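K.L.:
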Amino acid sequence: MLVQLSCGGGAGGARCAGAGSGGAGCLSVGAAACPCGVNRAAHSASEPAMSARAALSLLSRHRRWRVTYLERLLEQLPQPPLVWEALLEDYLSASASKSLDTVGTGSHGFGERRSGQPAEAASNADADAPDLSELDGVNVAIVARGKALDLLRHPSAAYSEDHAMLLCAHFGCDDGLALLYERKGLHAALLRHFARRHRHADVVRTCHRFGEREPALWTEALHYLSSLKDPNVASFAELHRLVGEVINAIERERLLPPLAVLDALSVHASLPFSAVREYALRHVEHDSAMLEEATRESARYEEESRRMADEMDELATKASVFQLSKCSACHNPLELPTVHFLCLHSFHHACLGDRDEDCPCCAPQRGLALRRLQQQKQRASAHGDFFKQLELSSDGFTTIASYFGCGMFGHNQPNASH
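Under my numbering, the residues of the sequence shown are numbered 7 to 424, in order.
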């Protein structure tokens, strides 16, 4: 029987027509000489090549030879996804079962063999690889998992990432899953992957790496740390350090108000207040300063309102005495006819011209006040803008307060429900 194993021909495949002890042909892949002792050069070059898919099916019960065959194929790149995915599955299966029957005995230097390199040189390089037959099950699993991760990291790998993720999940290759999550940009899934395995430091490390692009990772990390139970934490010192890093990032990015942060951490039964003491003190001091400033502003507005109310009362109940002797426009002595305004500005009638309804000196300030009032009325009815700004705002309370001040939530709104 004559069988040739290759993927479209090339140096990666070899064939053997030599007869073994049983009179049947043998399968040899990537070696200078077949197990039957027949040199590769002695085989006929006219025999058709077998496809990789057919070869894998033929070697399905000889997993050791199948892995060796796939490793030899990957010495010549590129190769189809089938080859990469089949070898990845064999590596992961060997790592999970700790069985030598599913681990190749050669190196896994994918693409390292140059075209024209003698097969003897490749065989000598393979001789430097560890002899897995001398390893126990645990070491076999470590070597196989290392090979799988190297395959996943290979820059020329042509496997389907979704298929590789399914394989890693099926065989429990956590590091492979993390690598694929990161490569696909699934940073939230990567964080939850570490959280399910209680890898607390990796959760926070993921936030440091990708939190600038996805700030929501920090809030998810906060809720994860607050949900930890005592047996899942190596030490309270570690928990305090991680909580401190997350809180500092949330404070820096202004992702949550302080009350929301403290409320999230309050569900942890054993987390002491010392873990958030500095954070709470900073915000208490900040809020106290803001309260003092708001109190001063309120007093100033109250004084101005009282003064304006007194002026309005005087204008309504008392006579106004105009004592200006010069025109407020040309600054020449006033001569009849003159126009006096209740703001106590006086003008020649000729200086006013057709603008005798408003005081030219006070008109800009009055116009600005009217425009602000009109803008407030328009803003009070712009519900779409309110929800958009509320969604984008880092401080929702301040946004709601500003719209409350312009009358959006008043009972006199035309669309308000009573």
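Don't be surprised by glycine CBs; every beta carbon is placed ideally from N, CA and C. Note that the structure is predicted; figures quoted are calculated from it, not measured.
#1: DSSP state of Phe328, grouped into three classes?
#2: Do Ala286 and Leu268 have their beta-carbon atoms positioned less than 8 Å apart in this structure?
#3: Check whether the Cβ atoms of His289 and Leu234 sit closer than 8 Å, and answer yes or no.
#4: Spatial neighbours of Ser326 within its chain, please: C-beta separation below 7 Å, excluding the five flanking residues on both sides.
#5: What are the partner residues of Val345, as DSSP defines its beta bridges?
#6: For Cys174, which residues from the same chain have a beta carbon less than 6 Å from its beta carbon, with the 5 sequence-adjacent residues on both sides left out?
#7: Applying the criterion that 16 or more other CB atoms from any shown protein chain within 10 Å of the CB defines a buried residue, is Met171 buried or exposed?
#8: Under 8 Å between the Cβ atoms of Ser331 and Thr344?
#9: Run the CB neighbour count on Leu157, radius 10 Å, all protein chains shown included, and call it buried at 16 or more, exposed below.
#10: Is DSSP giving Pro86 helix, strand or coil here?
#11: Taking DSSP's pairing of strands, which residues face Pro339 in a bridge?
#12: For Thr344, is the beta carbon positioned less than 7 Å from some heavy atom of the ligand NAP?
#13: How would you write the range of the alpha helix (DSSP H) that Lys383 sits in, first residue to last?
#14: Locate the alpha helix (DSSP H) running through Glu317, then write down its first and last residues.
#15: What residue range is occupied by the uninterrupted alpha helix (DSSP H) comprising Ser232?
#16: Three Cβ pairs or more, each shorter than 8 Å: is that satisfied between the segment 69-78 and the segment 91-103?
#17: Does the Cβ of Cys336 have 16 or more other Cβ atoms within 10 Å, making it buried, or fewer, making it exposed?
#18: Residues in its own chain within less than 7 Å of Ala102 by CB, not counting five upstream and five downstream?
#19: First and last residue of the alpha helix (DSSP H) that includes Glu251?
P.N.:
According to the structure data:
#1: coil
#2: yes
#3: Cβ atoms of His289 and Leu234: not closer than 8 Å.
#4: Excluding sequence neighbours, Ser326 sits near Leu348.
#5: Phe353
#6: Gly182 and Leu183
#7: buried
#8: no
#9: buried
#10: coil
#11: Lys332
#12: Only the bare structure without any ligand can be found here, which leaves the ligand NAP out of the picture.
#13: Ala369 to Ser387
#14: Arg283 to Thr323
#15: Ala222 to Ser232
#16: At 8 Å Cβ cutoff, the stretches touch.
#17: With fewer than 16 Cβ atoms within 10 Å of its Cβ, Cys336 is classed as exposed.
#18: Phe177 and Gly178
#19: Phe242 to Glu259
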